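Take a look at the structure below.
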């Protein structure tokens with residue numbers, strides 16, 4: 008009995024100790040550390056630079072594989088330092104299929120004792136709960152499921168507690184195993200340190216303490232409780248007389264190295280003593296004894312052989328890659344061995360799958376350089392299959408150009424005290440350069456003996472090329488580039504900054520940005536920087552005001568600076584893009600000076616034209632008046648030649664007077680213009696038609712117009728524009744009666760006007776010349792005028808920021824186009 012009960016207690020210990028090892032193993036995997044590092048670093052881990060979502064996906068896959076491989080694992084979770092579940096994979100009592108819990112269904116466990124107790128543990132320590140009934144959302148789950156929780160804290164490299172990994176084990180299979188071992192007419196109990204029943208022939212008494220009414224051994228059977236005392240194991244006989252005697256044995260099981268439980272077996276003494284009452288004759292007894300011995304030998308042989316054969320077949324199936332059936336239902340040492348072997352094989356399969364499916368090349372070598380492991384990624388990287396690589400010397404295995412560098416890394420890893428990282432460049436396929444990030448670690452046995460070196464090689468070619476392109480684009484940027492931290496310390500400068508300010512890079516990196524700031528600005532510059540850091544945004548400085556930098560020689564440099572906030576591991580930093588605009592500023596100042604000079608010159612010219620024209624009016628009027636008086640009095644009294652001369656004088660005086668008037672109008676367009684207001688062109692057009700009524704009637708012209716809009720304009724100049732265009736159409740008419748039509752069409756923010764006539768037209772190549780001053784397409788005797796009418800039209804339209812042009816076909820008429828801003832467009836611009 009004692010041996011049997013100790014074996015039952017041992018089975019409970021083995022089952023839970025394996026789970027403890029799994030928790031320790033999981034907490035030390037790269038997947039868990041990578042995910043935690045990515046969370047702490049704000050998005051990606053610092054070692055492999057992978058985003059947290061990729062790590063989380065790998066984490067839940069790892070948890071799923073672990074749960075799927077262990078049928079008695081209920082839940083595997085990662086919980087953060089605030090008690091919130093980050094990832095959970097589980098199966099339930101009703102549904103044994105493992106599943107990943109959605110993020111929205113994750114729960115806060117901040118109020119549970121096991122969270123606080125685990126987070127308080129040191130690095131590597133293990134928390135093991137007492138056996139209790141599983142709860143979901145604080146309520147005991149039905150049907151009742153006894154669970155054991157094993158957890159360990161997760162720490163950062165600096166010792167900060169970041170969270171914990173916790174495994175919930177379904178203890179029903181273990182307890183059912185004990186129930187199945189109950190002897191005939193006997194009983195098996197399991198009690199905790201307080202004496203509460205967690206296993207009892209009457210299940211109603213199990214875990215009664217969870218419902219506030221504990222059922223304890225001391226209350227149910229004081230005699231057994233007294234016999235147990237404080238002893239971890241032992242046996243006893245209770246009662247008076249054969250019929251009443253009970254034989255008792257017990258042993259202690261420490262679950263996963265945590266709480267202890269005592270397994271108790273009781274059997275009536277009469278059952279154990281029944282074998283001693285048999286009486287037979289000696290011969291019969293001898294014969295039966297021999298026969299019984301033979302039978303027992305056969306049964307024992309078969310009982311041992313069957314599970315060993317089954318175990319052997321399972322190992323063969325595993326080696327062949329087939330599904331293996333382990334004899335886990337076998338009692339005794341073979342059953343324990345089968346359980347342990349199956350767990351070992353499952354773990355090795357999992358570890359092998361992780362290594363073989365890794366995107367990194369993973370290589371293991373002994374101390375003598377012989378390759379013991381070479382995964383699929385290593386085969387792709389070096390072009391050597393694993394079957395060819397394993398068992399060969401690492402240095403001679405690789406090509407000559409790759410062997411020297413990789414072997415050097417391996418030797419340095421053996422010499423170094425700690426794990427190290429190296430950068431390497433190898434040739435793939437003899438010509439393709441591949442950049443590697445190599446992590447080399449020494450591998451030790453449990454007793455500390457050095458077994459060899461492992462190499463993890465990651466292809467970082469794309470990353471290195473991207474880094475090089477970024478470095479080159481920064482270094483050779485036409486703009487100066489600086490990185491400045493919040494303290495104002497220069498972190499990085501490019502070559503253009505050296506050229507702009509005259510400093511070498513090592514004279515600026517690590518120094519204050521104030522070195523590049525003029526003396527008069529330095530006292531206020533830290534406050535300006537701090538204000539930007541409080542509200543970091545992309546900003547351009549120097550476009551609307553003078554911004555000056557200070558060169559090494561003390562001279563000033565005009566600059567424009569673009570600021571961009573960049574997040575980094577050390578916090579927010581500023582990227583400053585500096586453009587030297589000294590030449591641009593000098594050109595702008597020269598242009599501004601030239602513009603002012605031209606504006607002054609134009610103003611002077613306009614004033615001169617106005618004054619000159621005005622001053623010419625008086626003597627010209629006198630000449631014209633007296634010439635006209637002379638003609639009126641003496642015409643016909645001298646001779647025909649004198650009359651002709653008098654006519655030339657009068658005509659010249661009139662044309663000179665008209666020319667001066669048109670010059671005055673032309674000069675006043677820019678200098679005497681009024682403010683632009685909303686102007687009703689329909690009204691101005693009708694007034695213009697009335698003003699030219701005599702000419703219209705004499706020519707027999709038909710004047711038409713569509714609806715005309717309001718525009719932003721000088722009304723007086725619009726009247727002049729319409730009058731000149733309409734007069735031009737009446738003047739250059741054909742033999743047919745003139746038909747003239749004005750229309751307007753809205754095109755975005757402008758109105759497009761067209762004045763169409765059926766006059767004599769002009770050649771297309773003359774379309775630009777007709778708007779120039781004093782340009783005439785016909786001799787003066789046929790058509791009067793000064794040649795300024797259309798030039799004035801162009802000046803008016805230009806002043807209103809519009810365009811004017813003309814289309815024509817000789818003999819068929821002309822179309823004059825011009826554009827003016829709408830009222831709405833001017834309001835939006837304002």
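Residue numbers (my numbering): 8 to 837. Heads up, the beta-carbon is just placed ideally off N, CA and C, and yes, glycines get one too. Just so we're clear, the structure is a prediction, and the values are computed from it rather than from any experiment.
Shown here, residue 88 sits in coil according to DSSP, grouped into three states, outside any helix or strand. The C-beta separation of residue 371 from residue 379 comes to about 5 angstroms, placing the pair in contact by the 8 angstroms criterion. In this structure residue 156 is not in contact with residue 172, their Cβ atoms being roughly 11 angstroms apart against a cut-off of 8 angstroms. Here residue 24 is not near residue 376, since their CB atoms are 8 angstroms or more apart. In the same chain as residue 559, and ignoring 5 residues on each side of it, the C-beta atoms closer than 7 angstroms to its own belong to 508, 509 and 510, in chain order.
Secondary structure of residue 540 (DSSP, three-state): helix. The segment 752–768 and the segment 735–744 touch, with no fewer than 3 CB-CB distances between them shorter than 8 angstroms.
In this structure, the straight-line span from the alpha carbon of residue 433 to that of residue 362 is close to 22 angstroms. When the alpha-carbon of residue 524 is set against those of 566, 517 and 463, the nearest one is in 566.
A residue is called buried once 16 or more other Cβ atoms fall within 10 Å of its Cβ, and residue 731 is buried on that count. Shown here, residue 711 sits in a strand according to DSSP, grouped into three states. Looking at the DSSP output, residue 462 sits in a beta bridge with 370 and 447. When DSSP states are grouped into helix, strand and coil, residue 505 belongs to the helix group. Contact annotation: residue 203 and residue 223 have beta-carbon atoms nearer than 8 angstroms. Of the residues assessed, residue 654 falls on the exposed side of the cut-off, its CB having fewer than 16 other CB atoms within 10 angstroms. Between residue 733 and residue 568, the alpha-carbon positions lie close to 55 angstroms from each other. Residue 799 counts as buried, since at least 16 other C-beta atoms from the protein chains shown sit within 10 angstroms of its C-beta.
Nearest to residue 537 by C-alpha distance, out of 639, 491 and 473, is 491. Going by beta carbons, residue 751 and residue 815 fall outside the 8 angstroms limit. In the structure shown, residue 104 adopts coil according to DSSP, grouped into three states.
Using a 10 angstroms sphere on the CB of residue 637, the tally of other CB atoms stays under 16, which defines it as exposed. Straight-line spacing of the CA atoms in residue 473 and residue 66 works out to 29 angstroms.
Here residue 358 is exposed. Its C-beta has fewer than 16 other C-beta atoms within 10 Å.
A residue is called buried when at least 16 other Cβ atoms come within 10 angstroms of its Cβ; residue 541 does not meet this threshold and is exposed. Judged by DSSP in its simplified three-state form, residue 629 adopts helix.
Judged by DSSP in its simplified three-state form, residue 477 adopts helix.
The continuous alpha helix (DSSP H) containing residue 734 extends over residues 722–738. The beta carbon of residue 95 sits closer than 7 angstroms to those of 82, 84, 108 and 113, all from its chain and outside the five residues before and after it, given in chain order. With contacts defined as CB atoms closer than 8 angstroms, residue 825 and residue 760 qualify as a contacting pair.
In the DSSP assignment, residue 21 falls within the unbroken alpha helix (DSSP H) covering 9–34. Judged by DSSP secondary structure, residue 566 falls within the beta strand (DSSP E) whose first and last residues are 563–575. Following the DSSP letters along the chain, one finds residue 456 in no beta strand (DSSP E), marked with neither H nor E. Per DSSP, the continuous beta strand (DSSP E) segment holding residue 160 begins and ends at 153–162. The three-state secondary structure of residue 611, taken from DSSP, is helix. Residue burial annotation: residue 745 is buried, with at least 16 other C-beta atoms found within 10 angstroms of its C-beta. Using a Cβ-Cβ distance cut-off of 8 angstroms, the segment 166–186 and the segment 19–36 are in contact, since at least three pairs of beta carbons, one from each stretch, lie closer than that value.
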